[in-house]
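This report refers to the structure that appears directly beneath it.
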Amino acid sequence: MLRKFEGFMKGINLGGWLSQSSLEQSRLDNFITKQDIGTIKTFGVDHVRLPIDFELVEDEQGNEREGGYRYIDNCIAWCLENNLNLVLDLHKTAGYVFDDSAYSSDFFDNEALQERFIALWLRLAGRYGKYHQNVAFELLNEVVNPEAADTWNKIAAHAIAKIREIAPDTWILVGGTRNNSIVSLKELAPPADKKIVFNFHCYEPLIFTHQGAYWIDGMPLDYRMEYPLTVGACIDETKRLIDESFAYPIQEYADMMCGVQFFRSFFAQAVEVAQKYDVPLYCGEYGVIDRTKPEATLGWFQDIHAAFEEYGIAHAVWTYKEMDFGITDEHYKGVFDELLKNL
Numbered sequence: 073m074l075r076k077f078e079g080f081m082k083g084i085n086l087g088g089w090l091s092q093s094s095l096e097q098s099r100l101d102n103f104i105t106k107q108d109i110g111t112i113k114t115f116g117v118d119h120v121r122l123p124i125d126f127e128l129v130e131d132e133q134g135n136e137r138e139g140g141y142r143y144i145d146n147c148i149a150w151c152l153e154n155n156l157n158l159v160l161d162l163h164k165t166a167g168y169v170f171d172d173s174a175y176s177s178d179f180f181d182n183e184a185l186q187e188r189f190i191a192l193w194l195r196l197a198g199r200y201g202k203y204h205q206n207v208a209f210e211l212l213n214e215v216v217n218p219e220a221a222d223t224w225n226k227i228a229a230h231a232i233a234k235i236r237e238i239a240p241d242t243w244i245l246v247g248g249t250r251n252n253s254i255v256s257l258k259e260l261a262p263p264a265d266k267k268i269v270f271n272f273h274c275y276e277p278l279i280f281t282h283q284g285a286y287w288i289d290g291m292p293l294d295y296r297m298e299y300p301l302t303v304g305a306c307i308d309e310t311k312r313l314i315d316e317s318f319a320y321p322i323q324e325y326a327d328m329m330c331g332v333q334f335f336r337s338f339f340a341q342a343v344e345v346a347q348k349y350d351v352p353l354y355c356g357e358y359g360v361i362d363r364t365k366p367e368a369t370l371g372w373f374q375d376i377h378a379a380f381e382e383y384g385i386a387h388a389v390w391t392y393k394e395m396d397f398g399i400t401d402e403h404y405k406g407v408f409d410e411l412l413k414n415l
C-alpha cells in the first residue's frame, strides 16, 4: 500500500491567478476571492494547489514586494476557514519557468539563480512554515530538460536542507524532469526525510488532452479526437503532428486502449518508486483542454479517477476556471455534476 498524503488527497488548482497572469491589481483582487474558495469547498475536495510566480513577491533584482504576500495570506486564511489545505507551488522562479526555454536557458548552470531560488524559499518557509499541518511546499513546477536530472536533484536537496532549518515539519513536494513526467520519478534522489512527497503531472495521452492547443508547435487549431481510443493511435498522431518526444512516456502501452487499464499500468511505475522509498504520491496537475467534447473529457476523467482511487494517489485537477482547462467554465455545464464525482 502507498503512504497516503493525508489532507491532500483530492484538490483543485488555482491556475491563472498568482501565476501565469498579468499580476495586475484588478486580476489579483478579483480572479479568485473568498467566495470562490467557499464554492470549491462544496465540490468535496480537501485542498487547493496555489501556483505563484516569483514576481508576485520580489522584483527582478530580488527585492521583496511585501504587498504580494497579502494574496497568499488571504488564500491560506480562506482555506483554513473552509477546512481546506493548500499546496504552495512555486510555478516560476527567477531564471526558470517551464514554458520559456530562452528565459530558463542557464538556471541549472547558474549558481546565483539557484541561490536566489533557495533564498525565496527561505522567505516563504519563514512565513508559512507555521502552517505545517495545512500548507505544503512544492519546490518548483515542471523541470523540462531530462539532462538536468542530476543537477536538479542537487538543487532540490540543498533547498530541502535549508527549508528544514526553518520548517522542519512541512510536507515538501518534489517532481522530476520532462515536465514532472511520471517516467522521471525513478530519477529522483531518495527522500531526505519522512515529509517528502513525490510529485508528477499527467496529461496523457497529450495529443488527446491538448488537442487544438495553440501553444504546441505543429498542433492544428481545429484538430479533434474522440474518446476512448487506442494508445497506439495517439502515438502515431503525436509523431505525425507534433514531436515523437511527447509520445515517449506512453510508448510501451501502444497495444492498449486509453482507459482504466492504461492508467493503472502507467501509474504502476510511479507506485513502484513510491513504495521503494515509502513516500506518498501526488499528481499535481491533470486535465483536458476545453476544445474537447465534454462527453469525451468526462470519459477520460472517469478512467484516470478510477486509477487514482485504486492506488491511493493524491491529486489536484487543472484547473478551477479559465486557462483553457477550467472545469467550472460554461463548456462543461452539461457534464459538470458528473465531473465533480470524478475529481
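Just so it is clear: in the sequence shown, position 276 is 348 by our numbering, and no numbers are missing. C-beta: ideal position from N, C-alpha, C; glycine also.
By the 16-neighbour rule on beta-carbons within 10 angstroms, Tyr-392 is buried. When DSSP states are grouped into helix, strand and coil, Tyr-175 belongs to the coil group. If you look at Ile-235, you'll find it isn't in any beta strand (DSSP E); it sits in the alpha helix (DSSP H) that goes 221-236. When C-alpha distances from Gly-284 are compared across His-204, Phe-397, Tyr-383, Lys-266, the shortest belongs to Phe-397. Taking each of Pro-277, Gln-341, Val-120 in turn and checking the Cα distance to Asp-108, the smallest one comes out for Val-120.
Boundaries of the beta strand (DSSP E) around Asp-125: 119-125.
Under the three-state reduction of DSSP, Cys-147 is assigned to helix. A Cβ-Cβ separation of about 5 Å places Cys-355 in contact with Cys-274 under the 8 Å criterion. Classified as exposed, Pro-262 has fewer than 16 neighbouring CB atoms from the shown chains inside 10 Å of its CB. Using a Cβ-Cβ distance cut-off of 8 Å, the segment 125-142 and the segment 177-187 are not in contact, since fewer than three pairs of beta carbons, one from each stretch, lie closer than that value. C-alpha of Asn-213 to C-alpha of Gly-406: approximately 32 Å in a straight line. Around the C-beta of Arg-312, fewer than 16 other C-beta atoms lie within 10 Å, and the residue is accordingly described as exposed. Assignment of Ala-184 by DSSP, reduced to helix, strand and coil, places it in the helix class. A buried status is given to Glu-276, since no fewer than 16 other beta-carbon atoms sit within 10 Å of its beta-carbon. By the Cβ test, the segment 224-243 is in contact with the segment 192-201, since at least three Cβ pairs between them sit closer than 8 Å. Under the three-state reduction of DSSP, Asn-157 is assigned to strand.
Taking the Cβ atoms as the reference, Leu-353 lies roughly 6 Å from Ala-342, within the contact range of under 8 Å.
Looking only at Trp-193, Ile-104, Glu-259, the smallest Cα-Cα distance to Val-215 is reached by Glu-259. Here the segment 301-316 does not lie against the segment 246-258, with fewer than 3 beta-carbon pairs under 8 Å apart. Between Asn-414 and His-377, the CB-CB gap stays under 7 Å. Within the same chain, and ignoring the five residues on either side of Ile-268 in sequence, the residues whose Cβ sits closer than 7 Å to its Cβ are Ile-244, Val-246, Val-351. CA-to-CA, the gap between Ala-319 and Glu-138 works out to about 43 Å. Nearest in C-alpha terms to Ala-379, of all of Phe-335, Lys-82, Glu-344, is Phe-335. Val-332 is not bridged by DSSP to any residue. Here the C-alpha atom of Ile-322 lies approximately 22 Å from the C-alpha atom of Pro-292. If you draw a straight line from the Cα of Lys-106 to the Cα of Thr-302, it is about 42 Å long. In the DSSP annotation of this structure, the continuous segment of the beta strand (DSSP E) that includes Gly-356 starts and ends at 353-358. Beyond the five residues adjoining it in sequence on each side, Trp-150 comes within less than 6 Å, by CB distance, of Lys-106, Ile-109 in the same chain, given in chain order. For Gly-247, the three-state secondary structure derived from DSSP is strand. Assigned with DSSP and collapsed to three states, Leu-293 falls in coil, not helix or strand.
Shown here for Lys-76: same chain residues with a beta carbon closer than 8 Å to its own, the five before and five after excluded, namely Pro-352, Gly-384, Ala-386 in chain order. The C-beta distance from Asp-327 to Gly-304 rounds to 7 Å, short enough to fall under 8 Å. Remark: C-beta atoms of His-204 and Asp-241 approach each other more closely than 7 Å. The criterion of a C-beta distance shorter than 7 Å is not satisfied by Leu-211 and Phe-126.
Burial state of Asn-102 is exposed, judged by a 10 Å Cβ sphere holding fewer than 16 other Cβ atoms. Taking a contact as a CB-CB distance under 8 Å, the pair Pro-218 and Ser-256 counts as one, their CB atoms being some 7 Å apart.
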